[in-house]
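Student: Dropping the structure in here first, questions after.
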Amino acid sequence: MLRERILTAIVLLAGLLASVLWLPRVGWIALVGVFVAAAAWEWASLARLGSLSRGVYAGAMLAAGIWAGWDTGAGVHSVSSWLYGAAVVFWAVLAPVWLWERPAFANPVMPLAAGAAVLVPCAAAMVALRGESPAVLLAIMAVVWISDISAYFFGRRCGRNKLAPSISPGKTWEGVYGAFAAVTVYACGWIAVGGPKPLALRHVALSEFWFVLMLLVLAGAGIAGDLLESQMKRQAGVKDSGALLPGHGGVLDRVDALLPVLPLAAIIFTN
């Protein structure tokens, strides 16, 4: 199992690096659309839709993801600007309510609408951040990876106090603190090597402090994304969102933390 998990991770990382660095813009937008469709299929499955309805939803999200990606870069009045705003509202207002109240949706309309509010802005952000610089996109993704890995190991080593036992019993506050510590070190390294500075902070006093704080906010958003997907899986009565990735489960299982992070990062790092 561990060998399968490691092999899948290596293949995924190699494929991601090659795609981010060398695919032309059209190819990248198409790949993002496929990613959104796969994630949408799993999201619809967690909402307990049948195969036909899942296919329709995935097809709609494929079209919406490609459209949003293509529109990205059209300026402040582009659709992507509104999508980022919708994503921020969802993650800042609606997602906490979902996690706290744990509503049992009798009708799939609300979960599917939430899926659109999560997946389509993420697609636009993936295109926008790569358009700013492939290094920017990879650096933002690294925030999530470092946070996830650090939370896992700190939680296993030092975990005592459960973060959300009714949603994800394995997560602990000690894991969160470890993730924040690791991301702080990463942010300081980013500053030390002169990594790209967010547009929002280029003319702000004490920008280094605020930059570290921004990355910590992104790490916190990633934890929220992880918890929301865990809540959906618990409500659906499943362990994984899918079985597409051997040893890892489904697409959503790998990208849940990126879903809130990328739109927020696009607001900070892109024009």
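Going from the sequence shown to our numbering is simple: count from 1 and add 5. Idealized CB from N, CA, C, for every residue including glycine.
Tell me the DSSP bridge mates of S152?
Tutor: For the purposes of this step, residue 152 is identified with residue 147 of the sequence shown, where counting begins at 1. BP columns for S152 are empty, so no partner.
Student: Find the nearest neighbour of L249 within the set V260, L264 and P201, judged by alpha-carbon distance.
Tutor: For the purposes of this step, residue 249 is taken as residue 244 along the sequence shown, with counting starting at 1. From the listed residues V260, L264 and P201, the smallest Cα separation to L249 is found for V260.
Student: For the 8 Å Cβ check, are there 3 or more pairs between the segment 12-28 and the segment 107-119?
Tutor: Counting C-beta pairs with one atom in each stretch, the segment 12-28 and the segment 107-119 have fewer than three that are closer than 8 Å, which means they do not touch.
Student: Check whether the Cβ atoms of A129 and T77 sit closer than 8 Å, and answer yes or no.
Tutor: Reading the sequence shown from its first residue, position 124 is the one you call residue 129. Reading the sequence shown from its first residue, position 72 is the one you call residue 77. The Cβ atoms of A129 and T77 sit closer than 8 Å to each other.
Student: Look at the Cβ atom of A147, then the Cβ atom of G180, and state whether they are nearer than 8 Å.
Tutor: Locating residue 147 in the sequence shown gives position 142, where the first residue counts as 1. Locating residue 180 in the sequence shown gives position 175, where the first residue counts as 1. The answer is no: Cβ separation not under 8 Å.
Student: Applying the criterion that 16 or more other CB atoms from any shown protein chain within 10 Å of the CB defines a buried residue, is F214 buried or exposed?
Tutor: Walking along the sequence shown from the start, residue 214 turns up at place 209. By the 10 Å Cβ count, F214 comes out exposed.
Student: Considering only residues of the same chain and omitting the five flanking positions on each side of D258, which have a CB-CB separation below 6 Å?
Tutor: For the purposes of this step, residue 258 is identified with residue 253 of the sequence shown, where counting begins at 1. Within the same chain, D245 and S246 come within 6 Å of D258 by CB-CB distance, once the 5 residues on both sides are set aside.
Student: Please state whether the Cβ-Cβ distance between N166 and W178 is less than 8 Å.
Tutor: As a working mapping, residue 166 is identified with position 161 in the sequence shown. As a working mapping, residue 178 is identified with position 173 in the sequence shown. Yes, the pair counts as a contact, with Cβ atoms nearer than the cut-off.
Student: Strictly by DSSP, which residues pair up with S173?
Tutor: Taking the sequence shown and counting its residues from 1, the one referred to as residue 173 is at position 168. DSSP output for S173 lists A169 as bridge partner(s).
Student: Let me know the secondary structure DSSP gives L250 once reduced to three states.
Tutor: As a working mapping, residue 250 is identified with position 245 in the sequence shown. DSSP places L250 in strand when its eight states are reduced to three.
Student: By DSSP, does R107 sit in helix, in strand, or in coil?
Tutor: In the sequence shown, the residue the question calls residue 107 occupies position 102. Residue state, collapsed to three classes: coil.
Student: Hey, is the segment 85-104 in contact with the segment 44-60, meaning 3+ C-beta pairs nearer than 8 Å?
Tutor: Below 8 Å, too few C-beta pairs join the segment 85-104 and the segment 44-60 to call them touching: fewer than three.
Student: Using beta-carbon positions only, say whether S1 and A73 come within less than 8 Å of one another.
Tutor: In the structure as shown, the chain begins at 6 and stops at 276. Residue 1 is therefore absent and cannot be evaluated.
Student: Is the separation between the beta-carbon of V123 and that of G70 shorter than 8 Å?
Tutor: Along the sequence shown, one-based indexing puts residue 123 at 118. Along the sequence shown, one-based indexing puts residue 70 at 65. Result no, Cβ atoms of V123 and G70 do not sit closer than 8 Å.
Student: Ends of the alpha helix (DSSP H) at S56?
Tutor: Locating residue 56 in the sequence shown gives position 51, counting from the first residue. First-last of the alpha helix (DSSP H) with S56: S56 to D76.
Student: Please report how far the alpha carbon of A184 lies from the alpha carbon of V198, in whole angstroms.
Tutor: Reading the sequence shown from its first residue, position 179 is the one you call residue 184. Reading the sequence shown from its first residue, position 193 is the one you call residue 198. CA-CA distance, A184 to V198, rounds to 21 Å.
Student: Write down the C-beta distance between W195 and A144 rounded to the nearest angstrom, noting that I regard them as a contact closer than 8 Å.
Tutor: The count along the sequence shown starts at 1 and reaches residue 195 at position 190. The count along the sequence shown starts at 1 and reaches residue 144 at position 139. Contact holds; Cβ gap of about 7 Å.
Student: Which class does V81 belong to by DSSP, given the choice of helix, strand or coil?
Tutor: Sequence index remark: in the sequence shown, residue 81 carries index 76 (1-based). Note that V81 has pLDDT 46, beneath the 50 cutoff, so the model's placement of it is unreliable and the number below is only indicative. Coil.
Student: For V243 and G60, what's the separation of their Cα atoms in angstroms?
Tutor: As a first step, residue 243 is located in the sequence shown; it is residue number 238 there, counting from the start. As a first step, residue 60 is located in the sequence shown; it is residue number 55 there, counting from the start. Near 20 Å, if we compare the C-alpha coordinates of G60 and V243.
Student: Which term fits S152, buried or exposed, when burial requires 16 or more other beta carbons within 10 angstroms of its beta carbon?
Tutor: Locating residue 152 in the sequence shown gives position 147, counting from the first residue. Classification of S152: buried, given that the 10 Å Cβ count is 16 or more.
Student: Can you grab the Cα-Cα spacing for the pair F40 / A19, in whole Å?
Tutor: As a first step, residue 40 is located in the sequence shown; it is residue number 35 there, counting from the start. As a first step, residue 19 is located in the sequence shown; it is residue number 14 there, counting from the start. Cα to Cα, the separation comes out at about 16 Å.
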